[in-house]
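**Q** The sequence shown begins at 96 in my numbering and counts up by one.
Can you read through this structure? Questions will come right after.
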Amino acid sequence: MRGALTPFADVTLLVQAFDQFAAPEALDVIWLGKIYHDLPNVAEMGPMDIAAVDSALFRALQPGGVVIIVDDAAATGSGFRDTDPDQTKKLHRIDPDVVKAHMRAAGSELVDESKLLTTPRDDHSKSAFDSSIRDHTDGFVLKFRKPR
96 MRGALTPFAD VTLLVQAFDQ FAAPEALDVI WLGKIYHDLP NVAEMGPMDI
146 AAVDSALFRA LQPGGVVIIV DDAAATGSGF RDTDPDQTKK LHRIDPDVVK
196 AHMRAAGSEL VDESKLLTTP RDDHSKSAFD SSIRDHTDGF VLKFRKPR
């Protein structure tokens with residue numbers, strides 16, 4: 096991954112703990128692609144304060160900057176249940192309402208959500224990696240903004 100970025104002079108790779116994220120300058124956009132569901136998993140991410148992650152993202156943005164979160168949807172009301180670190184239960188999904196609540200608590204405002212990745216035939220009962228649904232899961236795209 097690191098080597099893939101070397102041709103881009105305007106890209107800076109930052110390697111740091113998510114909950115201690117800081118950028119050298121205020122950012123226009125932060126993109127989190129299919130990672131938010133992993134934040135509560137100590138086995139995969141180490142101990143993490145999700146509220147601290149959300150606050151760090153908020154602080155890193157310039158006023159008007161946005162955070163785009165893309166992930167696989169879990170059932171409404173499931174919270175973090177389907178992010179369970181037990182691989183026999185883990186579905187690699189998260190309830191979009193939990194993401195919205197956490198980001199709003201950090202000060203971000205939800206300004207848009209896309210239905211582009213919505214897949215009604217996905218009943219949220221299988222792992223996002225299950226071969227019968229992989230690449231056809233019900234997903235979500237949320238756009239949050241730091242107020243100006």
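For each residue, glycine too, the CB sits at the ideal point set by N, CA and C.
Which runs of the beta strand (DSSP E), 3 residues or longer, sit entirely within the stretch 106–155?
**A** 122–128
**Q** Could you work out which residue in 202, 114, 215 is closest to residue 239 when comparing CA atoms only?
**A** The residue with the shortest Cα to Cα distance from residue 239 is 202.
**Q** Starting from residue 195, trace the alpha helix (DSSP H) both ways and give me its first and last residue.
**A** 191–200
**Q** Can you tell which of 102, 148, 104 has the C-alpha that lies nearest to the C-alpha of residue 112?
**A** 148
**Q** Tell me where the beta strand (DSSP E) around residue 174 begins and ends.
**A** Counting along the chain, residue 174 falls outside any beta strand (DSSP E), and DSSP gives it neither H nor E.
**Q** Under a Cβ-count criterion, where at least 16 other Cβ atoms within 10 Å of its own Cβ denotes burial, should residue 216 be classed as buried or exposed?
**A** exposed
**Q** Keeping to the same chain, check which residues put their C-beta closer than 8 angstroms to that of residue 214; ignore five residues upstream and five downstream.
**A** 231, 232, 233, 234
**Q** How close, in whole Å, do the beta carbons of residue 237 and residue 205 come, if the pair is a contact with beta carbons under 8 angstroms?
**A** About 6 angstroms separates the beta carbon of residue 237 from that of residue 205, a gap short enough to meet the 8 angstroms contact definition.
**Q** Would residue 194 pass as a contact of residue 228 if the rule is Cβ separation under 8 angstroms?
**A** no
**Q** For residue 152, which residues from the same chain have a beta carbon less than 6 angstroms from its beta carbon, with the 5 sequence-adjacent residues on both sides left out?
**A** 125, 162
**Q** Hey, could you find the ends of the beta strand (DSSP E) residue 276 is sitting in?
**A** The chain is shown from 96 up to 243; residue 276 falls before or after that span and cannot be answered.
**Q** Assign residue 210 to one of two classes, buried (16 or more other C-beta atoms within 10 Å of its C-beta) or exposed (fewer than that).
**A** Its Cβ having fewer than 16 others within 10 Å, residue 210 is exposed.
**Q** Below 8 angstroms on the Cβ atoms is my guess for residue 109 versus residue 121; work out the distance and round it to an integer in Å.
**A** Not a contact, Cβ separation roughly 14 angstroms.
**Q** Assign residue 240 to one of three DSSP states: helix, strand, or coil.
**A** strand
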